[in-house]
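Below is one structure, written out as structure tokens, with a few remarks after it.
In our numbering, the protein residues as written are 121 to 430.
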């Protein structure tokens with residue numbers, strides 16, 4: 121008689137399984153922060169192509185590492201089950217082995233760290249603690265003694281690490297100056313709020329599965345109705361912040377265009393309330409694309425109408 125393992129039989133993982141584990145529909149979150157930060161660098165007359173590209177690749181690798189960590193640690197802690205709503209979980213479904221996912225997590229994070237170290241050339245050694253904090257967030261979002269995503273802190277962390285940190289420091293490594301002016305700070309918070317909406321949709325979809333395993337996201341804590349309202353309000357707040365961020369140098373009509381974010385948010389909010397399960401994946405995609413389009417238009421606006429030269 122042969123012994124059977126408690127682990128599911130796993131086929132060799134395919135490229136498509138790894139691509140799905142990267143969560144490509146959420147990766148605009150990394151691009152948006154760097155795009156907005158580059159817009160701020162253009163506004164401050166300090167655009168540099170090479171550090172911008174390094175920031176972009178670093179941000180993408182750090183987010184992919186965080187997504188891999190989420191797959192591995194949620195599986196390890198018994199928080200994922202087969203057939204969950206949303207994106208396919210490669211480890212839980214048997215497409216990728218836990219060991220392979222763990223190795224991929226830390227290898228990707230290591231590559232991000234090595235790449236980030238090259239930014240010391242432009243930003244100095246004090247960027248090292250910033251990089252360490254980013255690495256801790258990438259893993260601590262799902263792992264450690266107090267995983268942020270399990271205790272209703274994921275949304276706040278996203279505003280910080282996908283808004284404030286990438287926008288301010290992408291601007292800094294290009295210009296050599298730490299700008300905390302109206303344009304940079306308002307842009308950073310706006311991008312952070314719009315990025316947090318991606319997480320809200322993700323947790324809105326997974327609310328029942330998360331509640332069943334004790335994963336206390338903000339949607340589990342406050343309910344779908346409340347977080348749906350927060351989702352809509354984030355668009356309004358972002359529009360107001362972006363008006364402030366571009367109003368100093370850009371023509372008035374450019375600034376007022378940001379008002380269009382409110383009806384876009386209202387439309388997505390209506391769809392959010394009327395869909396469930398896998399249907400919400402399209403809302404997540406449109407939320408991410410709205411974020412990306414906003415960041416690109418912000419980049420263009422700040423590049424065309426830079427700060428007055430004194």
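Virtual Cβ for every residue (Gly too), placed ideally from N, Cα, C.
- Between residue 324 and residue 392, the gap from beta carbon to beta carbon is short of 8 Å.
- With contacts defined by Cβ atoms closer than 8 Å, residue 222 and residue 266 do not form a contacting pair.
- When the five nearest sequence neighbours on each side are left out, the beta carbons in the same chain lying within less than 6 Å of the beta carbon of residue 421 are those of 366, 370, 374, in order along the chain.
- Residue range 285 to 295 is occupied by the alpha helix (DSSP H) that includes residue 295.
- In the DSSP assignment, residue 364 falls within the alpha helix (DSSP H) that extends over 344 to 366.
- In the structure shown, residue 302 falls within a helical segment according to DSSP collapsed to helix, strand and coil.
- Excluding its 5 nearest sequence neighbours in each direction, residue 175 has C-beta neighbours in its own chain below 6 Å: 154, 290, listed in chain order.
- Annotated three-state conformation of residue 271 is strand, per DSSP.
- Between residue 299 and the set 243, 316, 274, the nearest pair of CA atoms involves 243.
- In this structure the segment 312 to 329 lies against the segment 350 to 364, because at least three pairs of beta carbons, one per stretch, are closer than 8 Å.
- Assignment of residue 327 by DSSP, reduced to helix, strand and coil, places it in the helix class.
- For the segment 168 to 208, the full-length alpha helix (DSSP H) segments reaching 4 residues or more read 169 to 196 along the chain.
- Judged by DSSP in its simplified three-state form, residue 145 adopts helix.
- Going by DSSP, residue 408 is part of the alpha helix (DSSP H) stretching over 400 to 424.
- Residue pairing by DSSP puts residue 336 in a beta bridge opposite 271.
- By the C-beta criterion, the segment 209 to 220 is judged not to be in contact with the segment 272 to 285, since fewer than 3 inter-stretch pairs fall below 8 Å.
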